[in-house]
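J.: Before anything else, here's the structure in question.
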Ligand code: HGY
Ligand code: MN
Ligand code: MN
Ligand code: MN
């Protein structure tokens with residue numbers, strides 16, 4: 067009997083249709099920030115997709131969408147999934163591929179009348195991309211959120227998480243009720259685009275992920291003095307922009323001295339105040355995201371950034387303050403799952419690369435409560451978090467079939 071396989075046409079149709087929700091024809095990118103209207107619309111669309119197939123789907127207390135073939139009560143599931151929220155002007159595949167490949171796996175199970183020992187559950191984890199710190203939905207599931215954090219969290223524009231939740235029909239503190247018993251998960255596999263250049267460079271269709279990079283996110287403020295751009299002498303300024311520029315120039319040295327080749331430091335959003343051409347900026351607020359696959363190196367990077375920013379503040383007569391929005395430690399994947407994915411890739415004759423993930427993923431939290439692993443497919447040119455994020459359809463098909471085979475093995 068030939069082995070069941072995914073139907074690429076169905077998966078492609080779902081991906082193209084989800085991409086329309088929050089799509090901007092100007093930028094050709096998609097924007098569905100966590101708990102915005104576009105994100106909520108996408109969740110409704112996804113629930114409807116599950117229901118059209120005759121499956122059961124619901125949004126839980128934390129805003130995660132969860133779909134299964136039937137809603138009979140079960141002790142344990144094999145889980146798969148990812149996220150459908152996006153960055154600003156993102157691409158078609160980041161997150162959506164893992165969720166919609168999971169939906170396609172459910173269709174294959176149903177149409178082949180496969181009898182599984184353990185049912186499969188597909189998750190679209192809420193707020194993965196970090197509008198409010200990142201990976202909020204999966205952290206709620208595994209019981210890592212606190213009431214204090216939920217009530218304090220805000221986005222870079224000052225929008226409070228609790229208001230965004232209320233506007234999404236979610237009672238903020240009921241998010242804590244999303245927690246599930248850790249034994250509920252027998253195992254978890256996330257299919258995701260690599261979002262980096264390794265597989266495309268090696269021309270390999272599959273990545274088997276060994277560990278996931280840690281990530282910290284700060285909002286940094288340098289506060290000086292606004293002044294007249296014509297009369298204020300250069301040596302008498304407390305110019306916040308010059309402080310940021312000075313820090314930006316220090317980043318390569320910080321990584322050289324404290325980091326590794328996997329270290330990343332990124333200033334992604336900058337607000338100069340008051341923001342007028344004829345005024346020396348008295349304040350700058352910027353995001354700083356640091357990453358590495360090693361926790362000690364992450365701490366060394368953070369310590370060095372703090373020291374350098376303090377020294378720069380003194381030099382430019384500025385005040386320095388920062389708020390840590392999130393700190394997610396690096397996380398190894400389960401050897402059982404790493405070995406399983408490799409075995410199934412060999413069965414399917416798929417060349418693969420065993421590799422770490424530079425991007426953060428929901429799998430790094432699932433790995434704290436169950437055997438978790440990830441399958442990567444190539445990103446052309448290594449590009450992601452941008453409209454020209456792209457993966458060849460034949461690689462999507464290979465990755466989704468490997469996910470199917472791996473999940474069926476875990477669930478049988
Ligand atoms: O930014 C990341 O690491 C992931 O895409 N959320
Ligand atoms: Mn992602
Ligand atoms: Mn992403
Ligand atoms: Mn992910």
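In the numbering used here, the protein residues as written are 67 to 478. The beta carbon of each residue, even a glycine, is placed where N, CA and C say it ideally should be.
Just to check, is the beta-carbon of residue 195 closer than 6 Å to a non-hydrogen atom of ligand 3?
T.: yes
J.: Identify the residues that DSSP records as bridge partners of residue 398: which are they?
T.: 277
J.: Hey, would you say the C-beta of residue 160 is under 6 Å away from at least one heavy atom of ligand 2?
T.: Flag set: Cβ of residue 160 near ligand 2.
J.: Got a sec, what are the start and stop residues for the beta strand (DSSP E) residue 421 sits in?
T.: 418-423
J.: Just the Cα atoms here: how many angstroms apart are residue 133 and residue 415?
T.: 30 Å
J.: Can you tell me the Cα-Cα spacing of residue 217 and residue 329, whole angstroms?
T.: 31 Å
J.: Can you give me the C-alpha to C-alpha distance between residue 202 and residue 160, rounded to a whole angstrom?
T.: 17 Å
J.: Inspect the CB distances between the segment 405-423 and the segment 455-471 and report whether three or more fall short of 8 Å.
T.: yes
J.: Per the DSSP calculation, residue 122 is bridged to which residue(s)?
T.: 134
J.: Under 8 Å by Cβ, that's how I've got residue 445 and residue 151 pegged, so tell me the actual separation to the nearest angstrom.
T.: Actually they do not touch by this definition, with Cβ atoms about 19 Å apart.
J.: Less than 7 Å between C-beta atoms, sequence neighbours within five positions excluded: which residues of the same chain meet that for residue 448?
T.: 262, 263 and 266
J.: At the level of alpha carbons, what is the spacing between residue 418 and residue 408?
T.: 8 Å
J.: Rounded to the nearest angstrom, what separates residue 184 and residue 146 at their Cα positions?
T.: 13 Å
J.: For residue 343, which residues in the same chain have their Cβ closer than 8 Å to its Cβ, ignoring the five residues on either side in sequence?
T.: Closer than 8 Å at the Cβ level, and outside the excluded window around residue 343, lie 295.
J.: How about residue 438: is its Cβ closer than 6 Å to a heavy atom in ligand 1?
T.: no
J.: Can you determine whether any heavy atom of ligand 1 sits closer than 6 Å to the C-beta of residue 425, and answer yes or no?
T.: yes
J.: Would you report the Cα separation of residue 458 and residue 375, rounded to the nearest angstrom?
T.: 43 Å
J.: For the alpha helix (DSSP H) that residue 267 lies in, which residues bound it at each end?
T.: Boundaries of the alpha helix (DSSP H) harbouring residue 267: 264-268, taken from the DSSP string.
J.: What does the Cβ neighbour count give for residue 460, buried or exposed, with the cut at 16 atoms within 10 Å?
T.: exposed
J.: Determine the closest residue to residue 180 out of 371, 99 and 135, with distance taken between C-alpha atoms.
T.: 135
J.: Relative to the C-alpha of residue 43, which residue among 154, 108 and 186 is closest?
T.: Given a span of 67 to 478 for the chain in the structure shown, any question on residue 43 remains unanswerable.
J.: Could you tell me which uninterrupted beta strand (DSSP E) segments, each at least 3 residues in length, are contained entirely in the segment 282-365, listed from first to last along the chain?
T.: Here the runs fully enclosed are 330-332, 336-339 and 349-358.
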